[in-house]
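The letter at position 190 of the sequence shown is residue 255 when you use the working numbering, and the numbering goes up by one with no holes. Even glycine gets a Cβ: it sits at the ideal position worked out from N, Cα and C.
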Amino acid sequence: MGETLDDIDFLVRSDHRVGVLETLAERPGDRNDLRAATGASSPTMGRILADFQDRHWIERDGRTYRLTELGEFVADRFGTFADAMALERRLRAVWPWLPHEVEGFGVDLFTDAVVSVPGPGYPYQPVERLTQLLAETTTMRGFGMAILKSSNLEPFFDRALDDLVCEYIYPPAVFEELLSWDGKTVAEATTRSNYTVLLHDDLPMGERCGICLFDDRVSICCFDHETGTLRSLVDTGSDEMYGWAASYYEQFRVEASPLEAADDLLSVEPFP
Numbered sequence: 066m067g068e069t070l071d072d073i074d075f076l077v078r079s080d081h082r083v084g085v086l087e088t089l090a091e092r093p094g095d096r097n098d099l100r101a102a103t104g105a106s107s108p109t110m111g112r113i114l115a116d117f118q119d120r121h122w123i124e125r126d127g128r129t130y131r132l133t134e135l136g137e138f139v140a141d142r143f144g145t146f147a148d149a150m151a152l153e154r155r156l157r158a159v160w161p162w163l164p165h166e167v168e169g170f171g172v173d174l175f176t177d178a179v180v181s182v183p184g185p186g187y188p189y190q191p192v193e194r195l196t197q198l199l200a201e202t203t204t205m206r207g208f209g210m211a212i213l214k215s216s217n218l219e220p221f222f223d224r225a226l227d228d229l230v231c232e233y234i235y236p237p238a239v240f241e242e243l244l245s246w247d248g249k250t251v252a253e254a255t256t257r258s259n260y261t262v263l264l265h266d267d268l269p270m271g272e273r274c275g276i277c278l279f280d281d282r283v284s285i286c287c288f289d290h291e292t293g294t295l296r297s298l299v300d301t302g303s304d305e306m307y308g309w310a311a312s313y314y315e316q317f318r319v320e321a322s323p324l325e326a327a328d329d330l331l332s333v334e335p336f337p
């Protein structure tokens, strides 16, 4: 591995080298193009181009440089690795709160990720991100503790009373909290054909996780199961994650009870 690590180190310890590789992966260019794209000085650029030519990563046609097939291979594989490490860094801090113990879930399901966490000076980022996702979608399926903050409930029920096509599986205790929050609004929403309530009294991770499927994104809302503290909202547009989440959702949908047939799961009258 020694020589391989030396080659990796040669590339990654210089932002200018990475910049030249990425720039030429987009299109051929001359020295001026490459200096403008990377900010490298003329002597630095000369050394980079000479080193790349020694490695047969680039070739020159007059004043223009372009990647060789070998250089294209390096640029493609390096780009894939860099993207993977950038994704890993975004997920690293919230990994303990994601449902990684669930069968089929894994980092490889992500192709992108927007990670929202409550910061020490501004705790509302996850709430605002969920409100944004609600505003941008026309459909929604979900289960668990994904929507519980009042600042999310208001825009959610505004959409449910309008045109959002929604089917949601609630733990009974969570649905009872909705009734306590605004029983009249919740009751009115349940009369709409576009809003379907299902109840399930044995959702996995019911106290610490909620998953929502929007038109083209999946969000995972994670709470600390001991304190109830919101830890993160992670959403992705990955087709792989969407497929996993849809399949996982269906497992509980077939077990869930429609609201009108689930009075025995509630400790309060649904609609006072």
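Using three-state DSSP, classify residue i as helix, strand or coil.
{"i": "P269", "result": "coil"}
{"i": "S258", "result": "coil"}
{"i": "M205", "result": "strand"}
{"i": "F336", "result": "Below a pLDDT of 50, predicted positions are generally treated as unreliable, and F336, at 48, falls in that range; the measurement from the model is reported next regardless. Residue state, collapsed to three classes: coil."}
{"i": "V182", "result": "coil"}
{"i": "L295", "result": "strand"}
{"i": "G275", "result": "strand"}
{"i": "V283", "result": "strand"}
{"i": "F170", "result": "coil"}
{"i": "V319", "result": "coil"}
{"i": "V251", "result": "helix"}
{"i": "G308", "result": "helix"}
{"i": "F175", "result": "coil"}
Sorted by chain position, which residues of the same chain lie with C-beta nearer than 8 Å to residue i's C-beta, five sequence neighbours on each side aside?
{"i": "G184", "result": "Q190"}
Hey, out of the options, whose CA is closest to residue i's CA?
{"i": "V239", "options": "G171, G209 and E219", "result": "G209"}
{"i": "D74", "options": "V319, F143, D119 and W162", "result": "F143"}
{"i": "T387", "options": "L218, S181, P269 and Y233", "result": "The displayed coordinates of the chain run from 66 to 337. Any statement about residue 387 would go beyond what the structure contains."}
{"i": "D227", "options": "N259, P236, Y235 and K249", "result": "N259"}
{"i": "P237", "options": "D141, V85, E325 and A311", "result": "E325"}
{"i": "L268", "options": "E242, T292 and G207", "result": "G207"}
Skipping 5 residues on each side, what residues in its chain have a beta carbon closer than 6 Å to that of residue i?
{"i": "S216", "result": "V192"}
{"i": "R318", "result": "none"}
How many whole angstroms separate the CB atoms of residue i and residue j, which I take to be in contact at a CB cut-off of 8 Å?
{"i": "F175", "j": "S303", "result": "6 Å"}
{"i": "R194", "j": "L298", "result": "5 Å"}
{"i": "P164", "j": "C274", "result": "6 Å"}
Among the residues of its own chain, which have a CB less than 7 Å from the CB of residue i, if the five just before and after it don't count?
{"i": "L199", "result": "P220, F221 and R224"}
{"i": "D281", "result": "G302"}
{"i": "L295", "result": "P183, P191 and F288"}
{"i": "E124", "result": "R131 and T133"}
Tell me whether the segment 69-87 and the segment 107-117 touch, counting them as touching only if at least three CB pairs, one residue from each stretch, are closer than 8 Å.
yes
So, does the segment 127-139 touch the segment 86-102, judging by three or more C-beta pairs under 8 Å?
yes
State whether the segment 163-182 contacts the segment 303-317, with contact taken as three or more CB pairs (one from each stretch) at a distance under 8 Å.
yes
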